[in-house]
Amino acid sequence: MESLLYDAAIIGGGPAGLNAALMLGRARKNVIVIDEGLPRNRVTHESHGFLTRDGIKPDEFRRIAVEQIQAYPSVRFSADIAVDIAGADGDFTISTRRGDAYHAKKLLFAVGKKDRLPEIEGLTDVYGKSAFVCPYCDGWELRDRPLAVIAKGAGAHHFAKTISGWSDRIALCTDGPDELTEELRGELRVRGIPLYDAPIRRIVSADGLVSRIELQDGASVACTGIFFAPTLVPGSDLPQALGCELTPTGSVATFDTFGKSSVPGVYAAGDIATELYQLITAASMGAMAGAGINAELLAEAWEARGRAVRH
Ligand SMILES: Cc1cc2nc3c(=O)[nH]c(=O)nc-3n(C[C@H](O)[C@H](O)[C@H](O)COP(=O)(O)OP(=O)(O)OC[C@H]3O[C@@H](n4cnc5c(N)ncnc54)[C@H](O)[C@@H]3O)c2cc1C
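Note that our numbering has the sequence shown beginning at 63, numbered continuously upward.
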């Protein structure tokens with residue numbers, strides 16, 4: 063076990079955790095970043111929508127970030143998984159899968175979320191190549207193509223409506239009973255969006271490029287791109303285990319713009335604390351959390367110095 067008491071431990075080294083590390087490193091704080099290295103967007107070849115980095119490969123984005131943070135020697139990285147956290151504000155102990163333990167005054171959860179894919183044969187072959195989850199991330203590359211939207215429940219109509227901004231040629235596959243009202247079905251009909259409610263048999267593709275979706279009723283939906291709705295779960299159970307309040311959608315609830323959670327000394331940033339899933343949003347939340355943690359540390363150090371002078 064390391065005896066050093068870090069100013070902050072950051073769990074997760076995606077854009078949220080890394081931007082927090084950058085802020086804290088520049089603020090001369092001792093930081094440990096513990097990262098398993100499995101960011102949400104790792105299946106994609108390119109990331110989009112991050113100003114000055116549009117089209118960058120996810121690995122390259124991370125390489126540049128880590129290289130720049132390494133200019134600040136008070137930030138350390140550990141390629142490991144945090145498995146347990148004990149203690150409280152001022153002295154948390156983070157235990158890792160490899161058997162290390164780190165002490166830190168403050169804690170930032172930047173653990174992201176994980177996508178649970180619907181169980182459809184062939185989906186993993188096309189995921190990240192011609193099937194995506196977010197039109198802001200990958201819609202431009204699939205613009206004007208024949209697209210299938212795979213989604214269930216009332217949200218399916220909203221998803222199809224959103225994707226209609228990128229292509230006029232879309233079909234909605236609900237992979238079983240559609241659960242839409244007659245009014246919503248009518249909206250799709252008048253806009254020429256076919257609705258397929260038979261269960262999906264399989265997605266047919268070659269080298270990751272989808273060509274059609276086969277349904278169990280024998281129908282076939284020709285398409286060269288797919289948008290689908292995954293189920294999102296927290297990237298780690300640790301925030302909940304530590305007692306952080308969660309929102310109804312499973313995010314860590316935060317109570318100010320700096321990402322303060324319900325547990326003193328604990329912050330959350332990025333996908334784990336929002337439903338706006340974008341790299342730049344995660345990075346900006348990380349930057350704010352870094353500033354918030356630094357402000358709290360500064361206030362505590364200021365008070366401690368004042369007390370020491372008085373006695
Ligand atoms: C297919 C796909 C494509 C996308 N494309 C884009 C795009 O083009 N543009 C865009 O803006 N957004 C895109 N996104 C969204 C983007 O990936 C996320 O919004 C962003 O990665 C969130 O950043 P984060 O730092 O919160 O979490 P992440 O990037 O997911 O990083 C979290 C990190 O924490 C680690 N971690 C989790 N638990 C632990 C633990 N216990 N111990 C140690 N480490 C842990 C994980 O391994 C991971 O490395 C895409 C998402 C998907 C699914």
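Every residue, glycine too, gets a C-beta built ideally from N, C-alpha and C.
{"Item": "According to DSSP, what are the bridge partners of Lys322?", "Value": "Tyr329"}
{"Item": "Any heavy atom of ligand 1 closer than 8 angstroms to the Cβ of Asn356?", "Value": "no"}
{"Item": "Quick one: grab the DSSP three-state call for His165.", "Value": "strand"}
{"Item": "Taking one C-beta from the segment 263–278 and one from the segment 293–313 each time, how about it: are there three or more such pairs within less than 8 angstroms?", "Value": "no"}
{"Item": "Give the straight-line distance between the Cα atoms of His165 and Ser346, rounded to the nearest whole angstrom.", "Value": "26 angstroms"}
{"Item": "Take every Cβ of the segment 111–119, pair it with every Cβ of the segment 141–153, and state whether three or more of those distances are shorter than 8 angstroms.", "Value": "no"}
{"Item": "Let me check understanding here. Comparing Cα to Cα, which of Ala216, Leu242 and Leu185 lies closest to Ala210?", "Value": "Leu185"}
{"Item": "Exposed or buried, which one is Ala330 when buried takes at least 16 other CB atoms within 10 Å?", "Value": "buried"}
{"Item": "Use the C-beta contact count for Tyr198: other C-beta atoms within 10 angstroms, 16 or more gives buried, fewer gives exposed.", "Value": "exposed"}
{"Item": "May I have the straight-line CA-CA distance separating Ala315 from Leu170, to the nearest angstrom?", "Value": "13 angstroms"}
{"Item": "According to DSSP, which residues form a beta bridge with Thr293?", "Value": "Arg178"}
{"Item": "Buried or exposed: Trp364, going by 16 or more other Cβ atoms within 10 Å of its Cβ?", "Value": "exposed"}
{"Item": "Following a CB-centred definition, is Ile182 positioned closer than 8 angstroms to any heavy atom of ligand 1?", "Value": "no"}
{"Item": "State buried or exposed for Ala233, treating a residue as buried only when at least 16 other CB atoms are found within 10 Å of its CB.", "Value": "buried"}
{"Item": "Confirm, please, whether the CB-CB distance from Asp333 to Gly87 is below 9 angstroms.", "Value": "no"}
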